[in-house]
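Numbering follows numbering that gives the first Met the number 0, with no gaps: position 178 of the sequence shown is 177. Where a beta carbon is used, it is the ideal one built from N, C-alpha and C, also for glycine. Quick caveat: nothing in here was measured; it's all calculated off a predicted structure. One structure is given below, encoded as structure tokens.
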Amino acid sequence: MSELNEGDLILAVPSKGRLQENTHDFFARAGFDVTQQRGARDYLGRMQGIENVSVRYLSAGEIARELARGGVHLGVTGEDLVRETIPDADSVVLKLQPLGFGQASVSVAVPEAWIDVTTMADLEDVANRIRHRHGRILRVATKYVTLTRGYFAKAGLGEMRDYRIVESAGATEGAPAAGTADLIVDITTTGATLAANRLRVLKDGVILASEANLFLGLRAQWGGRERASLEALLIRIEAERRARRLREVRCIAPDDAVARRVAAAFNPGEGAVTASQSSGNIFYFHVEASAVFDVVDRLRGEGADHVTVRSLDYIFRSGSDLFARVKDHLL
Numbered sequence: 000m001s002e003l004n005e006g007d008l009i010l011a012v013p014s015k016g017r018l019q020e021n022t023h024d025f026f027a028r029a030g031f032d033v034t035q036q037r038g039a040r041d042y043l044g045r046m047q048g049i050e051n052v053s054v055r056y057l058s059a060g061e062i063a064r065e066l067a068r069g070g071v072h073l074g075v076t077g078e079d080l081v082r083e084t085i086p087d088a089d090s091v092v093l094k095l096q097p098l099g100f101g102q103a104s105v106s107v108a109v110p111e112a113w114i115d116v117t118t119m120a121d122l123e124d125v126a127n128r129i130r131h132r133h134g135r136i137l138r139v140a141t142k143y144v145t146l147t148r149g150y151f152a153k154a155g156l157g158e159m160r161d162y163r164i165v166e167s168a169g170a171t172e173g174a175p176a177a178g179t180a181d182l183i184v185d186i187t188t189t190g191a192t193l194a195a196n197r198l199r200v201l202k203d204g205v206i207l208a209s210e211a212n213l214f215l216g217l218r219a220q221w222g223g224r225e226r227a228s229l230e231a232l233l234i235r236i237e238a239e240r241r242a243r244r245l246r247e248v249r250c251i252a253p254d255d256a257v258a259r260r261v262a263a264a265f266n267p268g269e270g271a272v273t274a275s276q277s278s279g280n281i282f283y284f285h286v287e288a289s290a291v292f293d294v295v296d297r298l299r300g301e302g303a304d305h306v307t308v309r310s311l312d313y314i315f316r317s318g319s320d321l322f323a324r325v326k327d328h329l330l
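Given below as structure tokens:
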């Protein structure tokens, strides 16, 4: 039976759908299998491949709330939910790594018929017209109350002076057509739903470009076991991330001077081209994926032969840069 054990690092992951699948895939690439031991209805799980890590399956919104109250040490959820749910989020959570899925934008969208309204600055004129013609203030439908208030304030729009928020319980994008709001703030991916409802995003209307992230909760209790598990987890995640963006290029070079010249030509350093001698005149390079063919062409031009390129699974280094960055923040 799955259970939460004292001293375990608690990781919260999405409880269903593509977010859950992508989260499982992310950890699997780092060599960790996340399992629900009693099936899909089990809201507790374990992470195989590392000790002292327990998993809780929660909705994306619940994950943000648990990070805020210190109920979990790590959580995978969207940045939009974290910043909407947690006031002063940067003092409560640390964003460890964007995960490359769940991309969406929280945006201000207006009716297409408002042809003279293209930026946030134009909304003040709209608010004035509505006030004078209809005796009311601008209505904004949204589920993102905190983000909306902050963004509108930066644009010089005052709540209850220029606009009021109509909290949306259903399909936000339908509010203008239904007559319950004048414009909306909503999450959008492709923009197709907005277009279907004859809405468009203002030129400067993207409040937040969001995606799923691995967040660390600063309010959780961090003992020695939790810290050790976090470091082990981050070392493996970094090793996989590092390997994913690099390729190994091997060749037979005339001499080591060729290898040194090629490495020097491509800005050696963190994540750039580095050269090492394997045996005899066989050399290998770790190369940014985007620079592989430039390096290959340079090697061939220098007389190298039998040039091969392969992907890497992991590249481990002596420590974890991520853990070094966050350890002083842990209680």
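Cα-Cα separation between valine 125 and leucine 233, rounded to whole angstroms: 49 Å
Residues that DSSP places opposite glutamate 287 in a beta bridge: Leu245
Range covered by the beta strand (DSSP E) that runs through valine 75: 73-77
Cβ distance (whole Å) where threonine 188 is taken to contact glutamine 102 below 8 Å: 7 Å
Inter-residue Cα distance where the pair is glutamine 96 and glycine 6: 24 Å
Which residues DSSP lists as bridging methionine 46, in chain order: Val33
Cβ contact check for the stretch 248-259 and the stretch 109-121: 3 or more pairs under 8 Å: no
Beta-ladder partner(s) of glutamine 96, from DSSP: Leu213
Three-pair Cβ contact test at 8 Å for the stretch 65-79 versus the stretch 44-51: no
Short Cβ contact (8 Å threshold) for glycine 216 with leucine 122: no
Distance between beta carbons of valine 306 and leucine 298, contact taken as under 8 Å: 6 Å
CA-to-CA distance, glycine 169 to alanine 108, given in whole angstroms: 17 Å
Top-ranked residue by Cα proximity to proline 110, from Val325, Gly173 and Val294: Gly173
DSSP state of isoleucine 236 mapped onto helix, strand, coil: helix
Other residues of its chain near glycine 270: CB distance less than 8 Å, five sequence neighbours each side excluded: Reliability of the predicted coordinates at glycine 270 is poor, the pLDDT of 47 falling under 50, and no value is obtained from them.
Closest by C-alpha distance to isoleucine 251, when choosing among Glu237, Arg224 and Phe284: Phe284
Inter-residue spacing [alpha-carbon to alpha-carbon] between arginine 64 and isoleucine 85: 7 Å
Counted within 10 angstroms of its Cβ, other Cβ atoms place glycine 279 as buried (16 or more) or exposed: exposed
Glutamate 239 vs alanine 29 beta-carbon contact at 8 Å: yes
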